[in-house]
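Sequences listed follow chains A and B, in order.
The opening position of the first sequence corresponds to residue 1 in the UniProt record's numbering, with each subsequent residue numbered one higher.
The opening position of the second sequence corresponds to residue 1 in the UniProt record's numbering, with each subsequent residue numbered one higher.
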Amino acid sequence: MSNPVPHESSPDGFYDVAIIGAGVVGCAVARRFALAGARVVLIEKGTDILSGASKANSAILHTGFDAPPDSLELELVRKGREEYLSIHRELGLSLVRTGALVCAWSAGEHESLHGIEQQAHANGVQAVRPLSAAQARALVPALSSRLVAALEVEGEHVIDPWSAPLAYVTQAMALGATVLRATELLHGTFDGTWTLQTSTGTLRAGAVINCAGLYGDRVDRCLELPERFEIRPRKGQFVVLDKAAFRHVPRIILPVPTAITKGIVICPTAFGNVLIGPTAEEQPDRTRASLETDTLEALLQRGAELLPILRTMPVSATYAGLRPATEQKAYRVYSAPAQRAITLGGIRSTGLSAALGLAAHALHLYERFGTPLTPPPGIPDIRVPNLTETEERDWQRADHGEIICHCERVTRREIEAALASPLPPGDPGGFKRRTRAGMGRCQGFYCGARVAEMTQGCFSNPPPAATGSQGDTP
Amino acid sequence: MTTADVIIIGGGPSGVAAGLTLRKQGVPRVVLLEREAELGGATRHCAHSPFGMREFGRVYFGAAYGRRLARAAHKAGLDIRTGHAVTAVQPHGVVQVVSAQGLQTLQARRILVMTGARERSRAARLLPGDRPQGVITTGTLQASLAFHGLRPFRRPVILGTELVSFSALLTCLTHGIRPVAMIETAPAPLARWPLRLFPRLMGIPLLCGVEVSDILGTPNVNEVTVRKGGATRALACDGLLLTGRFTPESALFLQSDIGVEPATSGPAIDQYGRTHDPLIFAGGNILRAIETGGWAFREGRAVGAAVADDLRQSPETAPPVPVTFDAPLRLVVPSLLRRSTRPQRAFPSFQLRFDRAARGVLRLTLDGEEVWRKRGAWRPERRVLVPLPPQATQAEHVHFHFDERS
Ligand SMILES: Cc1cc2nc3c(=O)[nH]c(=O)nc-3n(C[C@H](O)[C@H](O)[C@H](O)COP(=O)(O)OP(=O)(O)OC[C@H]3O[C@@H](n4cnc5c(N)ncnc54)[C@H](O)[C@@H]3O)c2cc1C
Ligand SMILES: Cc1cc2nc3c(=O)[nH]c(=O)nc-3n(C[C@H](O)[C@H](O)[C@H](O)COP(=O)(O)OP(=O)(O)OC[C@H]3O[C@@H](n4cnc5c(N)ncnc54)[C@H](O)[C@@H]3O)c2cc1C
């Protein structure tokens with residue numbers, strides 16, 4: 001399905017850049033290039049944006065305090081975070097300044113805290129301070145008495161991981177970018193300009209930017225670029241606890257990280273829940289992010305060990321995501337000036353934070369291709385609706401019509417606005433990410449039927465028999 | 001600044017019944033807050049079962065029952081406010097309300113919370129697998145069919161064999177939905193004979209002692225894998241219908257200082273239906289999921305009468321004594337007793353449930369002294385009623401013992 005909203009496509013069917021993949025990185029890149037004046041097309045094979053890694057993460061805006069020193073990742077996480085902090089208000093994006101506590105649960109872990117503190121300083125993150133167990137428990141009284149010590153990292157924040165990329169891509173569209181969903185890049189050839197074959201037709205572009213996440217290596221191959229890395233998906237499972245848990249977790253609770261993962265985090269969300277996760281499980285499959293009952297139970301168990309009160313909290317939701325990891329820890333960012341191609345690959349576990357930084361970096365690489373862009377005369381004002389509990393929500397205002405989803409207090413007006421937005425949801429998942437309807441504690445028991453009715457005919461993949469209960473009875 | 005004598009939250013059978021009783025007993029200002037557009041609660045979308053036999057002397061179906069409740073409520077002079085969702089219950093009888101008009105703070109001399117129960121979601125059951133569309137509960141299925149004429153699937157697997165599971169099966173069959181199997185984790189179906197014969201009569205395989213080991217498909221379900229012992233079996237289907245495993249809709253308590261009982265996931269109440277906060281009462285399915293609509297109605301009436309009586313006196317100050325119990329008992333309602341001689345008790349009996357089938361002697365002791373005993377074979381899905389002796393409210397220790405004998 002192509003974008004249902006008409007937009008100004010370039011007159012000669014030619015784009016300055018074609019961006020492959022509308023994850024958070026692709027959306028941010030689209031915005032940056034549109035702001036720079038490029039004619040942009042964003043191609044996404046899923047029925048909606050955020051069909052890959054970006055639909056399921058921990059939603060932390062990282063500082064980079066524990067990133068590899070002197071890495072591109074560190075630089076771009078820091079830049080991305082800075083830009084987010086400077087634009088979030090004007091785009092209507094929330095920021096929950098929770099801060100994090102890196103918690104040591106043994107003498108050995110306590111010893112590592114000092115090294116983490118040193119590294120944070122070396123990484124340019126100054127607002128860190130060691131805390132005794134008593135000091136940490138004064139900040140988060142629910143922490144188990146087994147706590148040995150902690151390190152506070154003030155700048156770790158929590159954001160809405162879906163509204164942010166939606167805002168980026170909406171701004172790009174307001175500047176004329178074209179978004180093609182349900183469109184898969186199949187093959188590309190370069191003869192001075194790119195000819196891109198997609199599942200819905202052929203496009204021509206002056207440059208390509210591969211932001212294909214879990215398929216980054218395959219898209220490089222489609223573009224006949226050298227094989228430089230291989231995606232090794234790493235699954236992360238989560239449980240989401242009831243909103244009643246929120247007041248017990250005012251900070252992000254981090255473990256002392258190991259070489260392979262940041263470990264199990266207990267994290268408040270911008271929507272007023274608490275997450276426990278993610279796991280880090282290597283798997284060959286790029287398509288399935290399936291849940292395992294034993295793992296979910298172990299996560300709950302872990303949460304209850306660290307914050308005993310969480311044992312009494314009901315589970316609202318469960319989910320899993322796949323990190324686009326590679327055989328190396330580093331980001332796999334490459335520029336091929338001769339082919340006018342840029343690859344932003346292997347954006348494994350910090351892409352939400354680094355996306356705006358990656359976008360600026362990509363523009364910088366593009367500028368070296370020697371095709372100057374002319375910035376547009378003005379920047380259109382766009383704001384995405386607030387879905388977080390830290391800012392005023394629609395249900396708190398009069399005349400919202402009625403509340404449809406009571407658990408998440410989603411109003412009829414909000415649902416109608418999402419369905420009529422410049423980039424309306426392309427599938428039920430995208431609908432939930434734009435409205436939160438059905439994402440609360442009852443998971444649609446009360447509102448599921450009503451929501452199905454309100455969204456009837458809106459998605460390209462309807463449920464198997466959503467066409468009414470009359471008619472062809474078997 | 002009180003706005004009412006009593007505010008009732010929830011317009012299902014229990015809330016309406018409480019309101020009718022309060023009005024009948026002469027309480028002038030009774031406000032009923034219901035977040036949906038209509039009264040009736042969970043009975044509204046159940047199009048087939050006999051509701052209303054005892055309450056109104058005839059059988060009503062689904063939405064008609066809700067309308068009958070609404071008529072009775074209007075006639076009785078209840079101040080009914082539909083489209084009003086309560087977002088918080090607070091001390092001193094204060095409730096926060098949201099409606100299309102905006103936010104409102106209301107206060108009453110007593111609050112009754114009667115918000116019912118819902119089926120546990122796929123997440124709350126920690127089910128494994130992918131997360132496709134088409135994994136829904138009976139409540140959602142029945143509402144989809146009854147209110148919107150939408151059929152979410154054609155060939156689902158039904159998970160569960162409780163009473164409601166058979167209601168779900170019947171709903172499927174009357175709407176041209178042909179379940180491919182009914183599956184149950186327990187070794188035998190939970191609902192009683194003769195209901196458990198029903199799937200076989202309809203030619204639908206009933207698989208017991210199996211667990212869901214995988215759910216596959218994007219965007220829709222195309223397979224559910226079940227495991228029994230070491231063996232797995234794939235069931236090709238286009239949906240998974242989650243039935244039963246009810247849990248109280250007790251968010252208002254969970255998010256307040258009153259909290260919920262681990263055993264029931266609902267609020268703890270005493271013999272009058274009173275919670276830890278002496279101004280706040282509760283009744284109906286929020287206490288312990290789940291009973292029938294008729295039971296919820298009668299319980300609502302009883303709690304309503306206790307509240308009417310309570311209004312004639314000053315708020316109760318006696319501290320509550322907890323009622324404790326041995327495994328394999330799962331819950332006891334009421335789980336608190338207050339040392340009070342007010343005669344208008346809402347709960348003449350304790351309601352007990354077992355966690356699993358067990359044989360043995362169930363005993364009630366007050367301060368160590370046995371006052372009731374019964375030997376039997378106890379089943380997990382049955383309600384057990386034990387008379388609540390008047391002297392129990394004077395005891396310091398109230399305990400249900402279970403001595404298992406095979
Ligand atoms: C469990 C977990 C927790 C995380 N926590 C955090 C966190 O707290 N903070 C943080 O900053 N980061 C976090 N991350 C990392 C972050 O989510 C990722 O780095 C980020 O989502 C990667 O985005 P992307 O755009 O590169 O990839 P993706 O989101 O995968 O986007 C790629 C897109 O390309 C599309 N595509 C692929 N092939 C084609 C094709 N041939 N044609 C067209 N389209 C195609 C895909 O459908 C997909 O939508 C976490 C990740 C996971 C999995
Ligand atoms: C799928 C299903 C099938 C059933 N089948 C049968 C059957 O066949 N036979 C039978 O006898 N019983 C059946 N029942 C049970 C019967 O419906 C219940 O016993 C009965 O409805 C319980 O009454 P209640 O008043 O306790 O709660 P409910 O009927 O659940 O009513 C609670 C009300 O409170 C409202 N509410 C909740 N929270 C708030 C809030 N914060 N603010 C304002 N209002 C709020 C809700 O909207 C709802 O209207 C079924 C139940 C379900 C869910």
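Each residue gets a CB set at the ideal place from its N, CA and C atoms; glycine is no exception.
Cut-off 6 Å between Cβ atoms - residues of its own chain near residue i, not counting five sequence neighbours on either side
{"i": "residue 318/B", "result": "338, 339 and 340"}
{"i": "residue 172/B", "result": "179"}
{"i": "residue 137/A", "result": "143"}
{"i": "residue 127/A", "result": "154 and 155"}
{"i": "residue 320/B", "result": "270, 336 and 338"}
{"i": "residue 444/A", "result": "438"}
Reduced DSSP secondary structure (H/G/I, E/B, other) of residue i
{"i": "residue 51/B", "result": "Because residue 51/B carries a pLDDT of 49, less than 50, the predicted location of this residue cannot be relied on, and the following value inherits that uncertainty. The answer is strand: DSSP assigns residue 51/B an E or B state."}
{"i": "residue 46/B", "result": "coil"}
{"i": "residue 308/B", "result": "helix"}
{"i": "residue 33/A", "result": "helix"}
{"i": "residue 173/A", "result": "helix"}
{"i": "residue 210/A", "result": "strand"}
{"i": "residue 447/A", "result": "coil"}
{"i": "residue 208/B", "result": "strand"}
{"i": "residue 390/B", "result": "helix"}
{"i": "residue 3/B", "result": "coil"}
{"i": "residue 319/A", "result": "strand"}
{"i": "residue 388/A", "result": "coil"}
Beta-carbon neighbours of residue i, restricted to chain A and to distances below 8 Å
{"i": "residue 136/B", "result": "444 and 448"}
{"i": "residue 35/B", "result": "403 and 406"}
{"i": "residue 409/B", "result": "No information on residue 409/B is available, as it lies outside the stretch 1 to 406 that chain B covers here."}
For residue i, the nearest candidate out of the options (CA to CA)
{"i": "residue 120/B", "options": "335/B, 164/B and 129/B", "result": "164/B"}
{"i": "residue 299/A", "options": "274/A, 322/A and 231/A", "result": "274/A"}
{"i": "residue 448/A", "options": "405/A, 382/A and 51/A", "result": "405/A"}
{"i": "residue 355/A", "options": "384/A, 122/A and 84/A", "result": "84/A"}
{"i": "residue 112/A", "options": "209/A, 407/A, 71/A and 258/A", "result": "258/A"}
{"i": "residue 395/A", "options": "35/B, 4/B and 227/B", "result": "35/B"}
{"i": "residue 388/A", "options": "444/A, 164/A, 203/A and 138/A", "result": "164/A"}
{"i": "residue 30/A", "options": "363/A, 432/A, 410/A and 454/A", "result": "363/A"}
{"i": "residue 143/A", "options": "184/A, 317/A, 104/A and 72/A", "result": "104/A"}
{"i": "residue 215/A", "options": "343/A, 437/A and 425/A", "result": "343/A"}
{"i": "residue 129/B", "options": "312/A, 450/A and 294/A", "result": "294/A"}
{"i": "residue 134/B", "options": "115/B, 148/B, 125/B and 154/B", "result": "154/B"}
{"i": "residue 186/A", "options": "178/A, 227/A and 219/A", "result": "219/A"}
{"i": "residue 27/B", "options": "39/B, 161/B, 263/B and 7/B", "result": "7/B"}
{"i": "residue 384/B", "options": "392/B, 113/B, 374/B and 390/B", "result": "374/B"}
{"i": "residue 99/B", "options": "248/A, 400/A and 284/A", "result": "400/A"}
{"i": "residue 16/B", "options": "176/B, 300/B and 323/B", "result": "300/B"}
Within chain D, partners of residue i - CB distance below 7 Å
{"i": "residue 83/B", "result": "The chain inventory of the structure shown lacks chain D, comprising the protein chains A and B."}
Neighbour list for residue i in chain A, Cβ cutoff strictly below 9 Å
{"i": "residue 383/B", "result": "By Cβ distance, chain A contributes nothing, its closest Cβ being about 23 Å from residue 383/B, past 9 Å."}
{"i": "residue 131/B", "result": "289, 290, 291, 318, 319, 320 and 429"}
{"i": "residue 147/B", "result": "449, 450 and 453"}
Interface residues of chain B facing residue i [CB-CB closer than 8 Å]
{"i": "residue 58/A", "result": "Those do not exist, as residue 58/A stays about 17 Å from chain B at its closest Cβ, beyond 8 Å."}
7 Å Cβ shell around residue i - same chain, five flanking residues per side excluded
{"i": "residue 132/A", "result": "149"}
{"i": "residue 401/B", "result": "326, 363 and 365"}
{"i": "residue 374/A", "result": "37"}
Proximal residues of chain A, C-beta to C-beta of residue i below 7 Å
{"i": "residue 326/B", "result": "The premise fails here: residue 326/B is roughly 21 Å from chain A at the closest Cβ pair, so nothing lies under 7 Å."}
{"i": "residue 254/B", "result": "242 and 244"}
Partners in chain B for residue i, counting only beta-carbon separations shorter than 7 Å
{"i": "residue 297/A", "result": "126"}
{"i": "residue 441/A", "result": "251"}
Proximal residues to residue i (C-beta, below 8 Å), its chain only, five neighbours per side dropped
{"i": "residue 205/A", "result": "14, 15, 16, 17, 18, 41, 193, 194 and 196"}
{"i": "residue 255/B", "result": "88"}
{"i": "residue 277/A", "result": "58, 236, 237, 238, 239, 264, 265 and 299"}
Listed by chain order, chain B residues near residue i by CB distance under 9 Å
{"i": "residue 396/A", "result": "98, 102 and 103"}
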